[in-house]
Amino acid sequence: MLLYISYVIFQGLFFSQTAESKRFNLSTLDEASSYATFLKSSVTGQLSRHGLDSPDLKRLSIVATDAFLWSFPLVNTAPNFKNSIASISQMNQIQWNHVPNNASFNTIVSPNVNVLYGPRFLDLTSGSVQISVPNTSGRYYVLQCMDFWGFTFARIGFTVTGTEAGTFTLVGPSENATSNSNTIFVVNTNGVWIMGRIAVINQNETDISIANELLSDFKVTWLGRNDEAAVKHQQSYWDAYTSMVQYNAPLPSMEEDLELFKPLGITASGVDWSSLHTSQKLSLSIGATAAWELLQESTTITQHLNKSNTSSLLTTWNEWTTSPVIGSTNTSIPITAVVSYSYVAANIPAEAVYWTKFKDNCGNALTLSGYYVFNVSSRPPYNSFWSLTTYNASNFFLINTTDNVYTLGSQFPGVVSDGGEGGDEVAGTSVLYLSQQQPSTDLTVGGTWMPLGDSADSADDVIYFLFRIYSPTNADVVYNYAPPNITVTDSKFNYKAC
910 MLLYISYVIF QGLFFSQTAE SKRFNLSTLD EASSYATFLK SSVTGQLSRH
960 GLDSPDLKRL SIVATDAFLW SFPLVNTAPN FKNSIASISQ MNQIQWNHVP
1010 NNASFNTIVS PNVNVLYGPR FLDLTSGSVQ ISVPNTSGRY YVLQCMDFWG
1060 FTFARIGFTV TGTEAGTFTL VGPSENATSN SNTIFVVNTN GVWIMGRIAV
1110 INQNETDISI ANELLSDFKV TWLGRNDEAA VKHQQSYWDA YTSMVQYNAP
1160 LPSMEEDLEL FKPLGITASG VDWSSLHTSQ KLSLSIGATA AWELLQESTT
1210 ITQHLNKSNT SSLLTTWNEW TTSPVIGSTN TSIPITAVVS YSYVAANIPA
1260 EAVYWTKFKD NCGNALTLSG YYVFNVSSRP PYNSFWSLTT YNASNFFLIN
1310 TTDNVYTLGS QFPGVVSDGG EGGDEVAGTS VLYLSQQQPS TDLTVGGTWM
1360 PLGDSADSAD DVIYFLFRIY SPTNADVVYN YAPPNITVTD SKFNYKAC
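When you read off a place in the sequence shown, starting at 1, and then add 909, the result is the number in this note's numbering.
1) Taking Cβ to Cβ, would you say threonine 1198 is nearer than 8 Å to valine 1180?
2) Rounded to whole angstroms, what's the CA-CA distance from asparagine 1157 to serine 1232? Just pull it up for me.
3) Distance, Cα to Cα, serine 1339 vs glycine 1356?
4) Once the 5 residues before and after serine 1192 are set aside, which same chain residues still bring their CB inside 6 Å of it?
5) Decide yes or no for the touch test of the stretch 1111 to 1124 against the stretch 1061 to 1071: beta carbon pairs closer than 8 Å, at least 3 of them.
6) Could you check where the alpha helix (DSSP H) with proline 964 kicks off and where it finishes?
7) Since isoleucine 1175 is in the beta strand (DSSP E), which residue starts that stretch and which ends it?
8) Cα separation between aspartate 975 and tyrosine 1300?
9) To which residues of the same chain is valine 1051 closer than 6 Å at the C-beta, ignoring the five residues directly before and after it?
10) Does the separation of the CB atoms of threonine 1276 and valine 1371 fall below 8 Å?
11) Looking at the strands, I want to know which residues DSSP matches up with glutamine 1053.
12) Considering only their Cβ atoms, is the gap separating aspartate 1032 from asparagine 1099 smaller than 8 Å?
13) Classify arginine 958 as helix, strand or coil using the three-state DSSP reduction.
14) Flag this pair as yes or no: are the beta carbons of alanine 1177 and proline 1161 separated by less than 8 Å?
15) Mind checking which residues open and close the beta strand (DSSP E) that includes aspartate 1032?
16) Considering serine 1183, what are the terminal residues of the beta strand (DSSP E) in which it resides?
17) Using beta-carbon positions only, say whether alanine 1391 and tryptophan 1226 come within less than 8 Å of one another.
18) Give the straight-line distance between the Cα atoms of histidine 1007 and glutamate 1202, rounded to the nearest whole angstrom.
19) Just the Cα atoms here: how many angstroms apart are valine 1262 and tyrosine 1250?
20) Who are the Cβ neighbours of asparagine 989 in its own chain at under 7 Å, not counting the five residues just before and after it?
21) Starting from threonine 1115 and walking both ways along the alpha helix (DSSP H), at which residues does that stretch end?
22) Contact between the stretch 1164 to 1172 and the stretch 946 to 957 is defined here as three or more beta-carbon pairs at a separation below 8 Å; is this criterion met?
23) If you draw a straight line from the alpha carbon of glutamate 1334 to that of serine 1296, how long is it in whole angstroms?
24) Leaving out the 5 sequence neighbours to the left and right, which residues in its chain are closer than 8 Å to tyrosine 1388 when beta-carbon positions are compared?
25) Is the beta carbon of valine 1109 less than 8 Å from the beta carbon of leucine 1025?
26) Quickly, what does DSSP pair threonine 1076 with across the bridge? List them, please.
27) What is the DSSP secondary structure of glycine 1081, reduced to helix, strand or coil?
28) How big is the Cα-Cα spacing for threonine 1187 and phenylalanine 1060?
Written out as structure tokens, the structure is:
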């Protein structure tokens, strides 16, 4: 313990003279931003679960958050990145499926389409595990707990333990069965397979959405005296980093970053995991979890920039937002990681510009049940093509539409006017009528109907649009072009007052 305290003090002295100069990178993070609050809360909470309250270890863990975000774009391209990244993302959660099963589901045989499945493998060799469950208000669920010989040794949920919130501890064969949990289960093997199931009404989007809100509250936390339980999965991640930097050396501009990461044992040539002190491993584990939570905290670059109080990197026109950092790595550490996570392979603005819109011209959320007009009254600044695409705002995926029509734009015949010989229309202009149900043709004269979603989709689903311009006429389009508004109308496409 004395050695541990001395080492942390040494790290704190080193940190105080180097880390404060470059901060989010973590140094650029506005202390008033929601990210600063989120980051401190995540790190403090993780340390508390280990029974630790060291300011130096807390600050070192925040630097480790930066280190994970800094290394993420590189590791994200590693051949084995899926395993190394997944081990971090899965450390404290059951991996639920968020939609009912279909023919593509192959995790277990003869799958049930009336439940959402949530598999999870646990390794108890480094300590016991606590499972926290929410109050599901009577909704059926079960966490079937099996040892590695295939025997079901416990069932947590509706039938046995009920649907109230609670905590349950799984203890391996070599551990002492002591815990503050509701119930302790002693396992015959160190390996545990959990198969979670929670009931849903198949094809009922509202019910499925309610069930999904519960899933993040099923949590797995490693307990006990063994800190290695929290850090063991980190080695594969930093091994991937070490492998990648052997032939992808850090850039000269990253020297200051590497100086910041020295107390963690991170160098330009890699990480020697076997030589790291326990406090370094623990900090890297805590930082990785915090970073991963931060990456998943928001999905769009707009949300990330707002939460980090760097909205100056946004441009907004008619409630459309875009940013010059999309597709660019010449920016701060967290935004580079966000681009790698959410916009991997996105084009830089000189090649393509992406505008995102969540609200209509009256400032209300866009929905599948709405009627809208997208009036491109002047030719957008493109050399190749432009397009408008609809997405489900709850999961950021495409929505089922009639004849699989998800997008319309200048590359679709008849959508954009060619001006016509002697006509009054301006070449390159277009009018799109947007609604869930196809209108009569007399309502869309002079324009094109674009479906928002099939009738099978919930009319209450909130949507958003992406307006893309490929090969813009100049790179400054991101700053000086105002895309047309999405204007709300009645069911006959007559404009409505706000």
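C-beta atoms are modelled at their ideal positions from N, C-alpha and C, and glycine is treated no differently.
Quick look at the numbers:
1) No, they are not a contact pair.
2) Put simply, the backbone Cα of asparagine 1157 is about 28 Å away from that of serine 1232.
3) Between the alpha carbons of serine 1339 and glycine 1356 lies a distance of about 7 Å.
4) Same-chain partners within the cutoff: Leu969, Ser970 and Ala973.
5) The stretch 1111 to 1124 is not in contact with the stretch 1061 to 1071.
6) Boundaries of the alpha helix (DSSP H) harbouring proline 964: 964 to 984, taken from the DSSP string.
7) It is not in any beta strand (DSSP E) - isoleucine 1175 carries neither H nor E in the DSSP assignment.
8) Counting only the Cα atoms, tyrosine 1300 lies some 31 Å from aspartate 975.
9) The answer, listed in chain order, is Arg1064, Gly1066 and Arg1106.
10) It is a contact, given that the beta carbons lie within the stated cut-off.
11) Partner residues in the beta bridge of glutamine 1053, as assigned by DSSP, are Arg1064 and Met1104.
12) Cβ atoms of asparagine 1099 and aspartate 1032: closer than 8 Å.
13) The answer is helix: DSSP assigns arginine 958 an H, G or I state.
14) Against a cut-off of 8 Å, the Cβ pair of proline 1161 and alanine 1177 comes out as no contact.
15) Here the beta strand (DSSP E) through aspartate 1032 covers 1024 to 1032.
16) Bounds of any beta strand (DSSP E) do not take in serine 1183, whose DSSP letter is neither H nor E.
17) Yes, they are a contact pair.
18) Approximately 18 Å, taken between the alpha carbons.
19) Using only the alpha carbons, I get a separation of about 18 Å.
20) Note on asparagine 989: pLDDT 47, under 50, position unreliable in the model; no value is reported.
21) Per DSSP, threonine 1115 belongs to the alpha helix (DSSP H) from 1114 to 1124.
22) Contact between the stretch 1164 to 1172 and the stretch 946 to 957 is absent, because fewer than three Cβ pairs lie under 8 Å.
23) Summary for glutamate 1334: the model assigns pLDDT 45, below 50, so the residue's position carries little reliability; its value from the coordinates is reported in the next sentence. So the alpha carbons of these two residues sit roughly 20 Å apart.
24) For tyrosine 1388, where only same-chain residues beyond five positions count, the Cβ hits under 8 Å are Thr1224 and Pro1233.
25) Their beta carbons are under 8 Å apart, which means valine 1109 touches leucine 1025 by this criterion.
26) Residue pairing by DSSP places threonine 1076 opposite Ser1041 in a beta bridge.
27) Reduced to three states, the DSSP call for glycine 1081 is coil.
28) If you take the alpha carbons of threonine 1187 and phenylalanine 1060, they lie about 35 Å apart.
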